[in-house]
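Chains as they are written, first to last, in the working numbering: chain A, 1 to 210; chain B, 1 to 210.
Number of protein chains: 2
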Amino acid sequence: MEKSSISKATLGRVPRYLNYLKELSLENVPFISATTISKELKLGEVQVRKDLAMISGAGRPRLGYETEVLIQQLEDCLGYNKLTNAVLVGAGRLGRALLQYDGFQHFGVKITAAFDSNHKVLNPDAETVILPMNHFESFCQQHEIRLGIITVGEGSAQQVCDQMVKSGITAIWNFAPCKLQVPDGVLLQNENLALSLAHLRNQLSRHQAF
Amino acid sequence: MEKSSISKATLGRVPRYLNYLKELSLENVPFISATTISKELKLGEVQVRKDLAMISGAGRPRLGYETEVLIQQLEDCLGYNKLTNAVLVGAGRLGRALLQYDGFQHFGVKITAAFDSNHKVLNPDAETVILPMNHFESFCQQHEIRLGIITVGEGSAQQVCDQMVKSGITAIWNFAPCKLQVPDGVLLQNENLALSLAHLRNQLSRHQAF
């Protein structure tokens with residue numbers, strides 16, 4: 001697989017490619033071209049070509065991609081064949097909603113455990129265990145967790161982030177509305193829901209002003 | 001106020017500008033320059049200059065911005081002085097988490113009511129009323145709602161979207177993992193949480209492969 005990063009937009013189209021390819025008979029369609037896929041899915045050919053090149057490299061001249069191999073590569077891209085375990089810290093309202101959200105597994109991520117400083121917090125669905133913070137480091141090390149989700153408040157987010165880094169986590173998805181400091185080599189992705197909504201509201205007021 | 005759209009990044013810095021300015025004494029600091037603000041907040045001067053130009057226009061030569069006016073404009077930008085009412089459809093897990101999320105009001109948005117096809121769904125905190133869908137259109141029209149949040153599943157998202165448009169909503173924040181069709185003039189912002197997490201996971205596996 002290529003080492004360059006797959007954009008979020010490309011990743012978003014992967015499930016569509018996969019659904020389409022999986023409906024084909026491999027016997028009848030052993031090879032498939034970007035042109036065919038783009039026509040069938042009504043997507044721009046240049047876009048499909050770029051997406052597939054990113055995920056699978058160049059297709060064979062005049063033949064295109066080997067269908068079975070392409071399916072495998074698209075599945076790898078979505079993590080189908082290797083679920084990544086994640087932990088979540090902060091089992092408040094947003095944290096519990098994420099725990100109960102079904103969509104992550106479709107994209108190859110499973111939230112294995114959640115942690116909260118208040119260990120009496122109960123997960124209403126009891127699908128994921130909620131543990132006290134003093135178990136955090138040993139749990140992450142034992143289960144080789146590399147991905148952490150922060151859903152605590154602004155006040156304790158940096159402390160949680162430091163604890164994650166110390167426990168071997170190298171990719172952090174932060175929902176706290178603040179800037180976190182991470183050492184080089186640790187990936188940080190911020191998700192500010194309030195900001196997204198505010199942005200939409202702002203566009204709305206400008207829109208109405210015309 | 002300028003009519004051009006304020007970027008999400010700029011919007012994200014507005015609370016910091018505001019916090020800083022509000023600590024100043026207006027008597028002692030009647031005017032303030034982008035240079036001073038950038039130094040105090042340790043932000044790039046060009047960035048601060050661009051942000052303030054977008055929100056308040058050009059400052060006065062040698063004086064900068066009138067502090068009191070700038071505060072007012074930054075507050076307007078965050079909707080402090082005019083709360084925008086929104087409705088949410090789909091009081092499932094994610095919907096209820098958003099209802100209970102405190103952050104939106106800080107950015108000038110209040111979720112006034114939530115709707116669900118299952119009108120027996122209860123909001124555990126009972127702060128926002130959950131109404132049956134047959135009240136949707138009349139509620140939106142009566143309260144002049146322009147902003148709608150979709151947190152239903154993929155299967156009913158388009159139907160809810162159509163109902164929103166019919167009820168006068170012109171800005172939609174969609175959490176359902178599917179493409180929605182909206183007429184011209186309706187703003188649509190998609191939020192795919194699973195995709196965000198998948199993107200981070202993908203970066204993580206590439207990162208580890210090095």
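Think of the CB as a built atom: it goes at the ideal place given N, C-alpha and C, for glycine as much as any other residue.
Taking C-beta pairs closer than 8 Å, name the residues in chain A that residue i reaches, listed in chain order.
i	result
Arg13/B	Simply none; closest approach about 10 Å.
Glu191/B	Leu193, Ser196
Ala171/B	Leu200, Arg201, Gln203, Leu204, His207
Gly79/B	Ala198, Arg201, Asn202, Ser205
Using the three-state DSSP reduction, which class does residue i fall into: helix, strand or coil?
i	result
Lys3/B	Confidence at Lys3/B is low in this model, with a pLDDT of 45, below 50, so its placement is unreliable and no value can be given for it.
Ile55/B	helix
Asn81/B	coil
Phe210/A	Reliability fails at Phe210/A, whose pLDDT of 46 lies under 50, so the model's placement of it is uncertain and the value that follows must be treated cautiously. Phe210/A: coil per DSSP, three-state reduction.
Glu27/B	coil
Arg93/A	helix
Gly153/B	coil
Which partner residues does residue i have in the DSSP bridge list?
i	result
Gln189/B	Trp173/B
Asp116/B	Pro132/B
Lys110/B	Asn85/B
Gly148/A	Val87/A, Ile172/A
Please report how far the alpha carbon of residue i lies from the alpha carbon of residue j, in whole angstroms.
i	j	result
Val182/B	Thr151/B	16 Å
Ala9/B	Ser25/B	28 Å
Ser196/B	Asn81/B	32 Å
Leu187/B	Asn28/A	43 Å
Leu11/A	Phe31/B	48 Å
Asp76/A	Ala114/B	38 Å
Ile149/B	Val87/B	6 Å
Ile268/A	Gln159/A	No statement about residue 268/A is possible, as the shown extent of chain A runs from 1 to 210 and does not include it.
Gly59/A	Tyr17/A	15 Å
Ile216/A	Glu23/A	This structure does not reach residue 216/A, given that chain A is present from 1 up to 210, and the question cannot be answered.
Glu45/A	Ala91/A	44 Å
Gln73/A	Tyr65/B	55 Å
Val110/A	Val89/A	According to the sequence displayed, residue 110/A carries Lys and not Val. Computed Cα separation, rounded: 14 Å.
Count the other CB atoms within 10 Å of the CB of residue i; is the residue buried (16 or more) or exposed (fewer)?
i	result
His143/B	exposed
Pro61/A	exposed
Asp51/A	buried
Thr35/B	exposed
Ala198/A	buried
Ser56/B	buried
Pro177/A	buried
Show which residues of chain A have a CB atom less than 7 Å away from the CB atom of residue i.
i	result
Gly108/B	Ala198, Arg201
Phe104/B	Ala194, Leu197
Ile6/B	Asn202
Pro212/B	Any question about residue 212/B goes unanswered here, given that chain B covers just 1 to 210.
Below 7 Å on C-beta distance, what does residue i contact in chain B?
i	result
Lys22/A	The premise fails here: Lys22/A is roughly 18 Å from chain B at the closest Cβ pair, so nothing lies under 7 Å.
Using a Cβ cut-off of 9 Å, pull out every chain B residue sitting near residue i, in sequence order please.
i	result
Gln142/A	Here the premise fails: no neighbours, minimum Cβ distance about 18 Å.
Leu147/A	Leu197, Leu200, Arg201, Leu204
For residue i, return the contacting residues in chain B, with the cut-off set at a CB-CB distance below 8 Å.
i	result
Ile55/A	Those within 8 Å of Ile55/A in chain B number zero; the least Cβ separation is about 10 Å.
Would the C-beta of residue i count as close to the ligand ADP, meaning under 6 Å from any of its heavy atoms?
i	result
Val152/A	Looking at this structure, you won't find the ligand ADP or any other ligand, since it has none at all.
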